[in-house]
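If you read the sequence shown in the numbering used here, its first letter stands for residue 28, the second for the next number, and so on. Idealized CB from N, CA, C, for every residue including glycine. Quantities reported herein were computed from a predicted structural model and do not represent experimental measurements. Below is one structure, written out as structure tokens; comments come after it.
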Amino acid sequence: MKHSRPRQATPPTRRRGRHFAETPAPSRRALRTGQVCAGVVLMLATTTAIVAPALGPDDARAEGTEGTTTADAVAVAAAEQAIAARSGETGDARTGDAVVVDRDAKVSRDGDRIDRDTIDIVPAETAPPEPEAPAPPPGCDPAIEPQGTNGRLSTAELCAPWDGTVLMRADAAIALAALNEAYMARFGERMCVTDGYRSYDQQVTLKAQKPALAAAPGTSNHGWGLAVDLCPETYAGERWAWIAAHGPAEGWDNPAWARAGGAGPYEPWHWEFRAAPTS
């Protein structure tokens, strides 16, 4: 059995310019691999540097060590060093401290602070409340319809539209009072009324005095408490036109027969309440 001779060590040879024991130059592939790894580490460090102010160094360190690779941990450490270096160079107040969110600060996304307590809340437009209907004249109950015949009504069932004036049916009196309110607002004084309800006997007397003007007893609307005669100053001039324009809204009108050219005698002072039926 032959014994192999130990192989003699090859004497060291010299190459031009360097000793054989020197570290060989890295290949191009190794250089490219190193550049790629360095770029990945730099990219991770930059990304972590952006997120780190919100997480804080402790949070970043925890994320880098729990369930992550060694490369991640290295990237986190490099990010921490980059943050510390940048803060020291630029004086940036953003360190690795955790961000404390004040939920009561009322800050919008773009950073502008909004003081919501000073914002005026404009309510939605609503219709103005309707004015309350004026109270009916004292003693006037529109639910009461006087019992009797023309000119023979019970005066206890009648009422005056305002103090010191004539009697009439309650519904007519309430309507005339409303018209009088508008009249006073326009002309500054009350309407003047000379006649309202007339009894049968009063109509007989008037017919005897003014046969051409007075209606036959038992046929006039005065006998129902649904007609009034106005004083000359109340219907003179433009006032008659005003009453003619606004009276119908309250149920009062100067009947066609009493107007100029009508079937009856011209009576601009005579006004009747048309909202109630007559019989």
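DSSP bridge partner residues for residue i (one or two, in chain order)
{"i": "Trp279", "result": "Phe300"}
{"i": "Val255", "result": "Trp298"}
{"i": "Asp222", "result": "Asp256"}
{"i": "Leu180", "result": "Gly175"}
{"i": "Met195", "result": "Cys186"}
Environment of residue i [buried if 16+ CB atoms lie within 10 Å]
{"i": "Arg179", "result": "exposed"}
{"i": "Arg225", "result": "buried"}
{"i": "Pro155", "result": "exposed"}
{"i": "Gly288", "result": "exposed"}
{"i": "Ser181", "result": "exposed"}
{"i": "Ala162", "result": "exposed"}
{"i": "Tyr293", "result": "exposed"}
{"i": "Trp279", "result": "buried"}
{"i": "Gly245", "result": "exposed"}
{"i": "Trp298", "result": "buried"}
{"i": "Thr153", "result": "exposed"}
{"i": "Thr232", "result": "exposed"}
{"i": "Gln5", "result": "The structure shown does not extend to residue 5, since the chain spans only 28 to 306, so no value can be given for it."}
{"i": "Gly44", "result": "A caution first: Gly44 carries a pLDDT of 49, below 50, which makes its placement in the model too unreliable to give a value."}
{"i": "Gly274", "result": "buried"}
{"i": "Ala328", "result": "Only positions 28 to 306 of the chain appear in the structure, and residue 328 is not among them; the question remains open."}
{"i": "Thr176", "result": "exposed"}
{"i": "Ala48", "result": "Summary for Ala48: the model assigns pLDDT 48, below 50, so the residue's position carries little reliability; its value from the coordinates is reported in the next sentence. Flag for Ala48 reads exposed."}
{"i": "Glu157", "result": "exposed"}
{"i": "Ser107", "result": "According to the sequence shown, residue 107 is Glu rather than Ser. By the 10 Å Cβ count, Glu107 comes out buried."}
{"i": "Ala290", "result": "exposed"}
{"i": "Val134", "result": "Residue confidence for Val134 is low, a pLDDT of 47 falling below 50, so the modelled location carries little weight; the figure read from the coordinates is stated next. Label assigned to Val134: exposed."}
{"i": "Ile148", "result": "exposed"}
{"i": "Thr117", "result": "Confidence in Thr117 is poor, its pLDDT being 48 and thus under 50, which makes the residue's placement unreliable; the coordinate value appears in the next sentence. By the neighbour-count rule (16 or more Cβ atoms within 10 Å), Thr117 is not buried but exposed."}
{"i": "Ala204", "result": "buried"}
{"i": "Ala102", "result": "buried"}
Whether residue i touches residue j by CB criterion (9 Å)
{"i": "Phe300", "j": "Ala199", "result": "yes"}
{"i": "Val255", "j": "Met211", "result": "no"}
{"i": "Arg217", "j": "Trp189", "result": "yes"}
{"i": "Gln230", "j": "Ala241", "result": "yes"}
{"i": "Leu185", "j": "Glu277", "result": "no"}
{"i": "Ala302", "j": "Ala202", "result": "yes"}
{"i": "Ala243", "j": "Lys237", "result": "no"}
Proximity to residue i [Cα-Cα], best of the options
{"i": "Pro295", "options": "His273, Cys258, Ala302 and Glu277", "result": "Cys258"}
{"i": "Glu172", "options": "Trp189, Ala197, Thr192 and Ala100", "result": "Ala197"}
{"i": "Gly191", "options": "Ala183, Glu184, Ala202 and Cys219", "result": "Cys219"}
{"i": "Arg286", "options": "Ala106, Tyr262, Leu206 and Ala102", "result": "Tyr262"}
{"i": "Glu208", "options": "Ala104, Ile270, Ser247 and Ala183", "result": "Ile270"}
{"i": "Gly215", "options": "Glu260, Val193, Asp228 and Ser247", "result": "Glu260"}
Pairs of beta-carbons, one from the stretch 246-254 and one from the stretch 209-227, closer than 8 Å: are there three or more?
With a cut-off of 8 Å, the stretch 209-227 and the stretch 246-254 count as touching, because enough Cβ pairs lie within range.
Do the stretch 263-270 and the stretch 160-171 make contact, defined as three or more Cβ pairs closer than 8 Å?
Result no; under three Cβ-Cβ pairs closer than 8 Å.
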